[in-house]
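*Asks:* Numbering of the sequence shown is given in the working numbering, commencing with residue 27 and proceeding in unit increments. Sending over a structure as structure tokens; questions will come in a sec.
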Amino acid sequence: MTSSENNPFSSKNFEFHNYKSLVSAEIELIERVFEIRQNFSNSPDSERIVEPILQRISKIRSEKLILEKKFNLI
Numbered sequence: 027m028t029s030s031e032n033n034p035f036s037s038k039n040f041e042f043h044n045y046k047s048l049v050s051a052e053i054e055l056i057e058r059v060f061e062i063r064q065n066f067s068n069s070p071d072s073e074r075i076v077e078p079i080l081q082r083i084s085k086i087r088s089e090k091l092i093l094e095k096k097f098n099l100i
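Have a look at this one:
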């Protein structure tokens, strides 16, 4: 058994830290998408550049949702 398995509080702390990291990453990526769309507003490349970032944001939101349910945040 690992120490987090022995100590549920430690496991919860790790999960909450993970949740905070996901929130920070989501905010940063959303800001990045906004900046790219501003800088490439008249370029057809804008969506090509942004698409992988939007996919990552979607994955982050899915991961966050799991933790939000676990922590009864929704």
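Each residue gets a CB set at the ideal place from its N, CA and C atoms; glycine is no exception.
Counting pairs of beta carbons, one from the stretch 71 to 88 and one from the stretch 43 to 59, are three or more of them closer than 8 Å?
*Replies:* yes
*Asks:* Taking the alpha-carbon positions, what's the residue 64 to residue 42 distance?
*Replies:* By 1-based counting over the sequence shown, the position of residue 64 is 38. By 1-based counting over the sequence shown, the position of residue 42 is 16. Straight across, the Cα-Cα distance linking residue 64 with residue 42 is about 33 Å.
*Asks:* Do you know how far the Cα of residue 75 is from the Cα of residue 52?
*Replies:* Along the sequence shown, read from residue 1 onward, the residue named residue 52 stands at position 26. Along the sequence shown, read from residue 1 onward, the residue named residue 75 stands at position 49. In a straight line, the C-alpha of residue 52 is about 17 Å away from that of residue 75.
*Asks:* Tell me which same chain residues have a C-beta within less than 8 Å of the C-beta of residue 56, skipping the five on either side of it?
*Replies:* Here residue 56 refers to the residue found at position 30 of the sequence shown. Contacts found: 83.
*Asks:* Going by beta carbon distance, what residues of the same chain come within less than 8 Å of residue 96, once the five residues before and after it are set aside?
*Replies:* Position 70 of the sequence shown, counted from the start, is the residue given in the question as residue 96. Within the same chain, residue 96 has close Cβ partners 41.
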